Amino acid sequence: MTLLIEAVVAVLLVASGIVVLVAALGLTRLPDFFARMHAPALASTLAAWIVTLASIVYFSAQAGALSLHVWLIIIVLSITAPVTTIVLARAALFRRRQAGDALPAPLARAPAARSGTADAGIEAGMRSTDATEQGMPRKGA
Amino acid sequence: MNAMLPWAITVTLVMYVLAMGLGLLRLARGPTAQDRVLALDFLYVVGMLVMLVLAIRYDSSMYFEGAFMMVLFGFVSSVALAKFLLRGEVIE
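Same order as they appear, the protein sequences are chains S and L. Take the first sequence: its position 45, counted from the start at 1, is 45 in the numbering used here, and no numbers get skipped. If you want the numbering used here, it's the position in the second sequence, counting the first as 1, plus 1000.
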């Protein structure tokens, strides 16, 4: 193994360690749950990509041929991480509505899209709060 | 100069352990249940990264299967826990 490949692998590994540490600090220090949800995505995207790249470089240099099987982890992770995030965010939103706590501000949408079937797929709790929060005067205007 | 890679692997593993300690802090302290699920998911991801670094450390591609299993089980357990928080039961 040449010195160059060793240096590349070492730099990639330390960079992934720094990224994971930043993600853990965000998970610990951010004030709100929906803000905290952003931090672990850093570990499951950027850090996983960097470690996979380091692993591909290392094992390709060891075998003398391109070995890409670690790439499978990235493919699976990039499918599963958004699903986990969306399901967990919906669960947190639902539980917060059940508890009656303060909700994050609703996203601004065009009034035409609000009354139609755009909300049909969203759960019943979201529809009921849409009705109570926005109410009648918005619809008349 | 030849010891650059073992040094980098040690530094990386120490950083991962620190990150897992912070994740455990959130897991123990987190005010709501969804915080704990988020911390558990984070611990799964960091454990998978530890497996990949150990594959380089011990020069064995057997760790790859372990890391792959950790990705799959982490996904299934996180989704099951989030479903439990949403509905009160996992399979209905």
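Note that beta-carbon positions come from the ideal geometry of N, C-alpha and C, so glycine has one too. Fair warning: this is a prediction, and the values are worked out from it, not measured in the lab.
In the three-state DSSP reduction, isoleucine 1091/L falls in the coil class, being neither helix nor strand. Tryptophan 49/S and phenylalanine 1042/L have their alpha carbons spaced roughly 15 Å apart. The contact set of proline 82/S on chain L, defined by CB atoms closer than 7 Å, is empty, because the minimum CB distance reaches about 11 Å. Within 7 Å of the CB of glycine 1023/L, the CB atoms of chain S belong to Ala24, Leu27, in sequence order along the chain. Per the Cβ contact rule, the stretch 1053–1062 of chain L is in contact with the stretch 1004–1015 of chain L (3 or more Cβ pairs under 8 Å). Contact between the stretch 63–75 of chain S and the stretch 1023–1032 of chain L is not established, with fewer than three Cβ pairs separated by less than 8 Å. When DSSP assignments are scanned along the stretch 20–89 of chain S, the uninterrupted stretches of alpha helix (DSSP H) that are 4 or more residues long and fall wholly within it turn out to be 33–36, 39–42, 48–63.
Taking C-beta atoms under 8 Å as the contact rule, valine 1071/L and threonine 84/S fail to qualify, at a distance of about 11 Å. For threonine 1010/L, the enclosing alpha helix (DSSP H) stretches over residues 1004–1029. Between isoleucine 1009/L and leucine 13/S, the gap from beta carbon to beta carbon is short of 8 Å.
Within chain L, the C-beta atoms nearer than 7 Å to that of alanine 91/S come from Gln1034, Ala1082, Leu1085, Leu1086, in chain order. Between the beta-carbon of alanine 43/S and that of alanine 23/S there is about 4 Å, and that keeps the pair under the 8 Å contact cut. At the C-beta level, proline 106/S and leucine 1038/L stay beyond 8 Å of one another.
Counting the other CB atoms within 10 Å of its CB gives leucine 4/S a total below 16, which places it among the exposed residues. The distance from the Cβ of leucine 1005/L to that of valine 20/S is about 19 Å, inconsistent with a contact at the 8 Å cut-off. Its chain contains no residue whose beta carbon lies nearer than 6 Å to that of aspartate 32/S once the 5 sequence neighbours on both sides are disregarded. The Cβ atoms of alanine 91/S and alanine 1082/L sit closer than 8 Å to each other. For glycine 1066/L, the secondary structure class from DSSP, reduced to helix, strand or coil, is helix.
When the alpha-carbon of glutamine 62/S is set against those of Asp1059/L, Leu1040/L, Ala1003/L, the nearest one is in Asp1059/L.
For the set Ile75/S, Pro82/S, Ala99/S, the Cα lying nearest the Cα of histidine 38/S is the one of Pro82/S. The C-beta distance from glutamine 1034/L to arginine 29/S rounds to 17 Å, too long to meet the 8 Å contact threshold.
Counted as a single uninterrupted DSSP element, the alpha helix (DSSP H) harbouring alanine 1055/L occupies residues 1033–1057.
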